[in-house]
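Chemist: Could you have a look at this structure, given as structure tokens, before my questions?
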Amino acid sequence: KLGVPAYTQFSEGGSAFFAGKSLPNNVKQASTLGAVAGAHYTRAVAPAYGIPVLVHSDHCAKKLLPWFDGMLEFDEAFYQATGEPLFSSHMLDLSEEAHEENISICAKYLERMAKVDLILEMEIGITGGV
């Protein structure tokens with residue numbers, strides 16, 4: 031009713047659940063499939079509501095980078111086909127890593143993502159309070 035944009039956010043675990051709990055996820059393939067299916071679903075349904083919807087992946091830690099890489103592969107393919115990425119943005123949360131490593135990994139991904147007009151949210155520093 032308000033006509034304001036909505037934000038749909040996919041976590042790694044939620045994405046795996048969306049794909050179905052019986053699928054293997056040893057290299058985050060179910061999480062990737064679920065996030066991608068969710069992004070397509072969101073894009074398909076959003077026009078019925080008459081509002082813009084942003085699609086975002088949330089809090090990707092270093093151990094979840096295979097999920098992140100999988101989503102980026104789909105973003106790149108979607109971009110080649112349509113001129114825009116499948117997702118609006120992704121978040122890297124490398125706050126548990128050393129600052130230098132965090133920045134280095136984020137910079138590598140930012141360079142890749144810029145080529146397909148993707149926004150990167152970077153968790154720099156300590157999360158969860160002091």
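The working numbering puts the first residue of the sequence shown at 31, with every later residue one more than the last. C-beta: ideal position from N, C-alpha, C; glycine also.
#1: Taking just the CA atoms, how far does Gly33 sit from Leu53?
#2: Mind the definition here: the stretch 85 to 98 touches the stretch 119 to 133 only if three or more C-beta pairs lie below 8 Å; say whether that holds.
#3: Considering only the alpha carbon of each residue, which of Ala74, Pro35, Leu102 and Tyr37 lies closest to Leu63?
#4: How long is the line joining the alpha carbons of Val85 and Lys51, rounded to whole angstroms?
#5: Given a cut-off of 7 Å, decide if Phe117 and Ala78 are closer than it, judged by their beta-carbon atoms.
#6: Would you kindly work out how many angstroms separate the C-alpha atoms of Ala137 and Phe104, rounded to a whole number?
#7: Rounded to whole angstroms, what's the CA-CA distance from Glu127 to Tyr109? Just pull it up for me.
Modeler: Taking the structure as given:
#1: 37 Å
#2: yes
#3: Selected option, being the one with the closest Cα: Leu102.
#4: Taking the straight line joining both Cα atoms gives about 22 Å.
#5: No, the pair does not count as a contact, with Cβ atoms beyond the cut-off.
#6: 20 Å
#7: 31 Å
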